[in-house]
Amino acid sequence: MKITSITIKNYRSCISTAFPPNSELSVLIGPNGSGKTNVLSAIRLLPALMSIRPRHLISQELPGSASELRVAFDVDGISVIYGAKIQIVTNEKNQDEILTANESWYMPAVTGRRRKIGVPSSFLADLFQEASNLHWQGAKRRSHFSDFLLGNGITTEALPILEKIIRYISRISYYSASQFTNPGSSPISFEVEGEDKRRIGISITGHKRFLFDLYQEHRSKSKNYDQYTQLVGPDGINLVEAIDFNEIQTSSSNYSVMTGGKVLKKEKTNLLVVPSFKISGNVLSPSQLSEGTFKTLALIFYLVTDRSSILMIEEPEVCVHHGLLSSIIELISIYAKEKQIFISTHSDSVLDKVGVENVFQVHRSKERGTEVSSIHKRMKARELNALRNYLLNEGSLGEYWKHGDLEND
Numbered sequence: 001m002k003i004t005s006i007t008i009k010n011y012r013s014c015i016s017t018a019f020p021p022n023s024e025l026s027v028l029i030g031p032n033g034s035g036k037t038n039v040l041s042a043i044r045l046l047p048a049l050m051s052i053r054p055r056h057l058i059s060q061e062l063p064g065s066a067s068e069l070r071v072a073f074d075v076d077g078i079s080v081i082y083g084a085k086i087q088i089v090t091n092e093k094n095q096d097e098i099l100t101a102n103e104s105w106y107m108p109a110v111t112g113r114r115r116k117i118g119v120p121s122s123f124l125a126d127l128f129q130e131a132s133n134l135h136w137q138g139a140k141r142r143s144h145f146s147d148f149l150l151g152n153g154i155t156t157e158a159l160p161i162l163e164k165i166i167r168y169i170s171r172i173s174y175y176s177a178s179q180f181t182n183p184g185s186s187p188i189s190f191e192v193e194g195e196d197k198r199r200i201g202i203s204i205t206g207h208k209r210f211l212f213d214l215y216q217e218h219r220s221k222s223k224n225y226d227q228y229t230q231l232v233g234p235d236g237i238n239l240v241e242a243i244d245f246n247e248i249q250t251s252s253s254n255y256s257v258m259t260g261g262k263v264l265k266k267e268k269t270n271l272l273v274v275p276s277f278k279i280s281g282n283v284l285s286p287s288q289l290s291e292g293t294f295k296t297l298a299l300i301f302y303l304v305t306d307r308s309s310i311l312m313i314e315e316p317e318v319c320v321h322h323g324l325l326s327s328i329i330e331l332i333s334i335y336a337k338e339k340q341i342f343i344s345t346h347s348d349s350v351l352d353k354v355g356v357e358n359v360f361q362v363h364r365s366k367e368r369g370t371e372v373s374s375i376h377k378r379m380k381a382r383e384l385n386a387l388r389n390y391l392l393n394e395g396s397l398g399e400y401w402k403h404g405d406l407e408n409d
């Protein structure tokens with residue numbers, strides 16, 4: 001299953017932006033302010049619409065026009081088009097807050113009808129969550145959703161298709177350029193409790209999230225963790241010699257007063273986890289790692305372990321040495337065989353490790369806003385052959401971009 005086309009209207013700098021992404025890896029390259037991040041943010045609206053309930057119903061018309069999102073999916077050879085008109089406000093942190101949305105699905109090959117199905121993705125997400133342990137036949141058919149679904153044109157045949165899309169959207173992941181910078185803010189330890197080793201007092205974002213996720217994979221002794229340590233270890237890119245977790249058992253007491261004044265004491269056993277990284281014979285805490293090392297460790301970890309369907313990575317070159325960046329892009333290209341990956345970048349070095357068909361030029365004009373174009377598809381056959389000959393005999397795609405030749409095509 002893949003996204004085959006994306007259209008974004010009236011969203012930030014995307015006045016009318018449309019492009020067909022590569023089925024594996026799409027590299028969006030362009031100058032600052034061209035709108036690369038806005039394109040990725042628009043894609044992130046898909047899971048937001050599915051999981052965030054509108055704050056309130058809008059009875060009056062809001063100033064300005066609604067943003068529009070149109071995404072075409074290929075589901076096992078079946079084309080499904082999702083559309084949404086969205087009222088969005090931006091909060092003080094420059095984050096999108098969805099007020100309300102009008103969503104639709106168009107799948108005539110399945111429904112046999114050339115009309116859109118108006119069902120919110122959040123409703124479908126709730127439905128499929130409730131039905132996760134049931135079959136579509138029998139109990140599900142007799143559920144209280146049936147009349148609503150049938151009344152809106154959703155046939156029994158359409159349900160499995162929509163379920164695949166909803167589950168696909170729910171597994172979209174995004175990693176920003178600044179997400180793992182400043183390792184000095186990392187904790188040097190954290191505490192877990194209970195048989196399942198749950199977090200205690202630790203944020204689930206950024207550096208802390210990475211350290212806990214890394215610890216969980218370590219404890220589970222998963223194949224993904226073994227693969228990860230091989231990739232970042234001496235037999236791989238040699239970023240670290242070893243990763244270790246020192247577990248120190250601690251205990252605490254909780255007291256509760258029952259009716260009648262009886263006091264109950266409960267003993268609780270916890271683990272204090274101290275992660276460490278061995279580099280050049282030195283054992284370092286997470287906060288002592290360089291920004292490039294920390295970011296690369298985190299990025300490769302999620303590349304290997306993240307079970308996402310779509311992975312978006314903003315500026316992987318930030319704080320990363322050129323040689324190390326080449327290894328990262330090679331790994332990203334390998335994992336793009338398993339999931340659809342989008343990269344935004346300013347770096348011509350990134351282009352050196354990808355194919356012409358993977359590169360999308362992003363630029364912005366006052367009249368048309370952000371535009372995304374595939375250099376592979378916009379070139380004439382003669383131009384494309386000349387470029388391939390240049391890459392084969394003279395230079396790299398990064399050099400071609402750096403000299404401005406792509407912009408002149």
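Take 1 as the starting number for the sequence shown in the numbering used here and just add one per residue. For every residue, glycine included, the Cβ atom is placed at its ideal position computed from N, Cα and C. The model shown is predicted, which means the values in this text are computed figures rather than measured ones.
Practice task
Tell me whether asparagine 358 is buried or exposed, calling it buried when 16 or more other Cβ atoms sit within 10 Å of its Cβ.
Solution key: buried
Practice task
Please state whether DSSP places alanine 386 in a helix, a strand or coil.
Solution key: helix
Practice task
Could you pull the start and end residues of the beta strand (DSSP E) that glutamine 87 belongs to?
Solution key: 78 to 90
Exercise for the section: Find the nearest neighbour of proline 286 within the set Ile329, Asn182, Tyr335, Val354, judged by alpha-carbon distance. Expected result: Asn182
Exercise for the section: Report all residues from its chain with a CB closer than 7 Å to the CB of lysine 265; omit the five preceding and five following residues, and keep chain order. Expected result: Ser253, Tyr255
Handout entry: Burial state of glutamine 249 (16 or more Cβ within 10 Å)
Key = exposed
Practice task
Identify, in the order they occur along the chain, each residue of the same chain with its Cβ nearer than 6 Å to the Cβ of asparagine 246, setting aside the five sequence neighbours on each side.
Solution key: Val274
Handout entry: Cβ pair glutamate 314, leucine 40 closer than 8 Å
Key = yes
Problem - DSSP-derived helix/strand/coil call for aspartate 423 - result: Limits of the chain in this structure are 1 at one end and 409 at the other, which puts residue 423 out of reach.
Problem - Residues of its chain near arginine 114, where Cβ-Cβ distance is below 6 Å and the 5 sequence neighbours each way are ignored - result: Pro108
Practice task
Please check the pair alanine 42 and isoleucine 8, which I expect to be a contact at CB under 8 Å, by giving their CB distance rounded to whole angstroms.
Solution key: 4 Å
Exercise for the section: Over the uninterrupted alpha helix (DSSP H) stretch that includes alanine 167, give me the two end residues. Expected result: For clarity, residue 167 is arginine in the given sequence; the question names alanine instead. Here the alpha helix (DSSP H) through arginine 167 covers 158 to 169.
Problem - Extent of the continuous alpha helix (DSSP H) run through isoleucine 117 - result: Where isoleucine 117 is concerned, there is no enclosing alpha helix (DSSP H), given that its DSSP letter is neither H nor E.
Practice task
Determine the contact status of serine 308 and lysine 337, defining contact as a CB-CB distance below 8 Å.
Solution key: no
Problem - DSSP beta-bridge partners of glycine 369 - result: Ser365
Exercise for the section: Please check the pair leucine 397 and valine 356, which I expect to be a contact at CB under 8 Å, by giving their CB distance rounded to whole angstroms. Expected result: 7 Å
Handout entry: Rounded separation between isoleucine 98 and arginine 44 - CA only
Key = 12 Å
Problem - Identity of the residues DSSP links to proline 20 by a beta bridge - result: None, per the DSSP bridge assignment.
Problem - leucine 211 and phenylalanine 190 closer than 8 Å at C-beta - result: yes
Practice task
Drop a sphere of 10 angstroms on the beta-carbon of glutamate 92, count the other beta-carbons inside from all chains shown, and report buried for 16 or more, exposed for fewer.
Solution key: exposed
Exercise for the section: Taking tyrosine 335 and tyrosine 175 to be in contact with their CB atoms under 8 Å, please state how far apart those CB atoms are, rounded to whole angstroms. Expected result: With 8 Å as the limit, tyrosine 335 and tyrosine 175 do not qualify as a contact, their Cβ atoms being about 13 Å apart.
Exercise for the section: Measure the alpha-carbon distance for isoleucine 202 versus valine 320 and round it to whole angstroms. Expected result: Here isoleucine 202 scores only 43 on pLDDT, less than 50, and its place in the model is too uncertain to base an answer on.
Practice task
Could you tell me the boundaries of the alpha helix (DSSP H) in which alanine 42 lies?
Solution key: 36 to 51
Practice task
To the nearest angstrom, report how far apart arginine 167 and aspartate 352 are at their CA atoms.
Solution key: 34 Å
Practice task
Measure the Cβ-Cβ separation of tyrosine 228 and valine 304 and say whether it is below 8 Å.
Solution key: yes
Exercise for the section: Tell me, to the nearest whole angstrom, how far the beta carbon of alanine 72 is from that of threonine 111; I am working on the premise that it is less than 8 Å. Expected result: Not confirmed; about 16 Å, so no contact.
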